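*Asks:*
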């Protein structure tokens, strides 16, 4: 029996015809479809893995605000959502996040700049922190992630910042300098906000593989 | 007067200000081990080479370059063999003659770390389970090169591995902070230690196999009873994170070296512990992170590695039981 289902191409073409999918610049339907497919492929790829590092600590408190009043360092907000390779949002994901402070020091005795967040129905997370400092062993600024979720493979990764002087203004070219960052995708653009309280914002979505 | 008082205080705390001898290496020291007879000190250096020094004179006897295609080199204690992993598989070399003793060619390419049983018949390897993903697997091979088992070993990599003196137990510590003990006959998980908050960077069995010592980022030495796999006691007081540790040949003392932070640039303490009382017997100074500590086979000396410098210390005699 033939299943009455639209192919992805048919669906996208339908959307183009009906005006649901519109290109910002003049573009043929086939080009638009190719771009859409590229984007879809990217969205379906699991987030690249990175090393766990030596300073993971169990039992971090659940808090989205890691920045205490008066903490030195440039305020940073990191936000994103957790979904899987099917594009489904992942509820109940546990995200352990830890980073060095503004001076490049990890708190191993306590839980400064460490948290464990549980995603709810929207599968979103937000983190108020500071830009991590540099240190000699891993001189690119980074934040560590360990994500576990029922029905999915655990993921260990890190987020980096395109504004980091380590990338010399060209993350495209320099992301793998000294083999430090394994994947360009993990170097995220940084939005700077000057008005009100100056701060930086980074978006970092996480895509898990199903187990 | 003040200096004299400080010296007196230091002496009463068991501080020792300078080593008996210092050997300069051409590269940073990764780990150290004495030969079985104690005449040679071997250093696995961070440039990928293994260097052998005369333990008495400090003269460099030989430098062993890394073989082409090798990704990592493991130097066990005592220093009789070398293990290497790379494109040629796992290779075991005789340290003195340089001869290839064994080769395991059909092993997963992702193996990184190795550990050997004291009789050198069993070989354990750790590495990522697959090219993608963060899961780790440990494997054990017998004397014939046959794989006995492969078992899950946590997430994010293996921070330390050791086989018990009788070869019956394999212990693997993971960067995810868990420690696993496996029966080497069949891979059965004997104990999953999940209660540690931080990763253990150094693990070592007591020479009689009754205890497993683990130490790491929380500056504490945990002594586990290997019969019950319960925590027997904790040794506390190391001011820094611990990354190197050795048991004395008589099992009565432990030596630890640490690092202060990730820059490895701050002075640290090397501590000689009395296992029975849990007290620090001696505190030895080091200018930077100490990646390697080793007792001599007679337990009278210790070698410690700090960047390119190896310090040799005469240790106080253990008190009669």
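Residue numbers (my numbering), protein chains in the order written: chain P, 97 to 307; chain F, 56 to 376.
Note that CB positions come from ideal geometry on N, CA and C, so glycine has one too.
Computed from a predicted structure; not experimentally measured.
Given a cut-off of 8 Å, decide if residue 142/F and residue 191/F are closer than it, judged by their beta-carbon atoms.
*Replies:* no
*Asks:* For the putative contact between residue 309/F and residue 268/F, defined by C-beta atoms under 8 Å, what is the C-beta separation to the nearest angstrom?
*Replies:* Confirmed, Cβ separation roughly 6 Å.
*Asks:* Between which two residues does the beta strand (DSSP E) holding residue 340/F run?
*Replies:* 335-341
*Asks:* If you drop the 5 nearest sequence neighbours on each side, which residues of the same chain put their C-beta closer than 8 Å to that of residue 207/P?
*Replies:* 153, 155, 156, 157
*Asks:* What does the Cβ neighbour count give for residue 187/F, buried or exposed, with the cut at 16 atoms within 10 Å?
*Replies:* Residue 187/F is exposed by the Cβ-count criterion.
*Asks:* Is the number of C-beta pairs between the region 112-127 of chain F and the region 174-187 of chain F that are closer than 8 Å three or more?
*Replies:* no
*Asks:* With DSSP as the reference, label residue 257/P as helix, strand or coil.
*Replies:* strand
*Asks:* When you compare each of 220/P, 252/P, 163/P, 212/P to residue 142/P by their alpha carbons, which one comes out closest?
*Replies:* That would be 252/P, whose Cα lies nearest to the Cα of residue 142/P.
*Asks:* If the cut is a Cβ gap below 9 Å, which residues of chain F does residue 150/P touch?
*Replies:* What residue 150/P touches in chain F: 214, 230, 253, 254, 256, 271, 272, 296, 298, 317.
*Asks:* Consult DSSP for residue 284/F and reduce its assignment to one of helix, strand or coil.
*Replies:* coil
*Asks:* What residue range does the alpha helix (DSSP H) around residue 269/P cover?
*Replies:* 267-270
*Asks:* Helix, strand or coil for residue 249/F per DSSP?
*Replies:* coil
*Asks:* Report the partner residues of residue 99/F according to the DSSP bridge assignment.
*Replies:* 86/F, 105/F
*Asks:* With DSSP run on the structure shown, which of helix, strand or coil describes residue 363/F?
*Replies:* coil
*Asks:* Tell me, please, whether the CB atom of residue 286/F is closer than 8 Å to any CB atom in chain P?
*Replies:* no
*Asks:* Just confirm the distance between the C-beta atoms of residue 233/F and residue 209/F, as a whole number of angstroms; I'd bet it's less than 8 Å.
*Replies:* 5 Å
*Asks:* How would you label residue 99/F, buried or exposed, when you count the other beta carbons within 10 angstroms and need 16 or more for buried?
*Replies:* buried
*Asks:* Go through its chain and collect everything with a Cβ distance to residue 216/P's Cβ below 7 Å, but skip five positions before and after it.
*Replies:* Answer for residue 216/P: 187, listed in chain order.
*Asks:* What are the start and end residues of the beta strand (DSSP E) that includes residue 240/P?
*Replies:* 238-244
*Asks:* Can you name, in chain order, every residue of its own chain whose Cβ lies under 8 Å from the Cβ of residue 234/P, other than the five neighbours on each side?
*Replies:* Closer than 8 Å at the Cβ level, and outside the excluded window around residue 234/P, lie 149, 276.
*Asks:* Evaluate the contact criterion for the region 211-226 of chain P versus the region 79-90 of chain F: three or more CB pairs, one atom per stretch, below 8 Å.
*Replies:* no
*Asks:* Which of the three DSSP states is assigned to residue 118/P in this structure?
*Replies:* Because the pLDDT at residue 118/P is just 46, under 50, the model does not fix this residue reliably, and the point stays unresolved.
*Asks:* Does the Cβ of residue 176/P have 16 or more other Cβ atoms within 10 Å, making it buried, or fewer, making it exposed?
*Replies:* buried
*Asks:* Is the CB-CB distance between residue 206/F and residue 259/F below 8 Å?
*Replies:* If you check the CB distance, residue 206/F and residue 259/F do not come in under 8 Å.
*Asks:* Taking three-plus beta-carbon pairs below 8 Å as touching, is the region 104-111 of chain F in contact with the region 152-167 of chain F?
*Replies:* no
*Asks:* Using a Cβ cut-off of 7 Å, pull out every chain F residue sitting near residue 157/P, in sequence order please.
*Replies:* The contacting residues do not exist; residue 157/P stays about 13 Å from chain F at best.
*Asks:* Return yes when the Cβ of residue 297/P is within less than 8 Å of the Cβ of residue 280/P, no when it is not.
*Replies:* no
*Asks:* Can you tell me whether residue 212/P is helix, strand or coil according to DSSP?
*Replies:* strand
*Asks:* With 8 Å as the threshold, decide whether the Cβ of residue 189/F is near any Cβ in chain P.
*Replies:* yes
*Asks:* Hey, how far is the Cα of residue 214/P from the Cα of residue 290/P?
*Replies:* 31 Å
*Asks:* Compare the C-beta of residue 210/F against all C-beta atoms of chain P and say whether one is closer than 8 Å.
*Replies:* yes
*Asks:* Look at the alpha carbon of residue 351/F and the alpha carbon of residue 94/F, and state the distance between them as a whole number of angstroms.
*Replies:* 9 Å
*Asks:* Quick check on this structure: which residue in 184/F, 215/F, 201/F, 185/F has the alpha carbon closest to the alpha carbon of residue 169/F?
*Replies:* 215/F
*Asks:* Expressed to the nearest angstrom, what Euclidean distance is found between the alpha-carbon atoms of residue 296/F and residue 345/F?
*Replies:* 10 Å
*Asks:* Got a sec, what are the start and stop residues for the beta strand (DSSP E) residue 230/F sits in?
*Replies:* For residue 230/F, there is no enclosing beta strand (DSSP E), as DSSP marks it with neither H nor E.
*Asks:* Quick one, which of 199/P, 161/P, 178/P has its alpha-carbon nearest residue 172/P's?
*Replies:* The shortest Cα separation from residue 172/P among 199/P, 161/P, 178/P belongs to 161/P.
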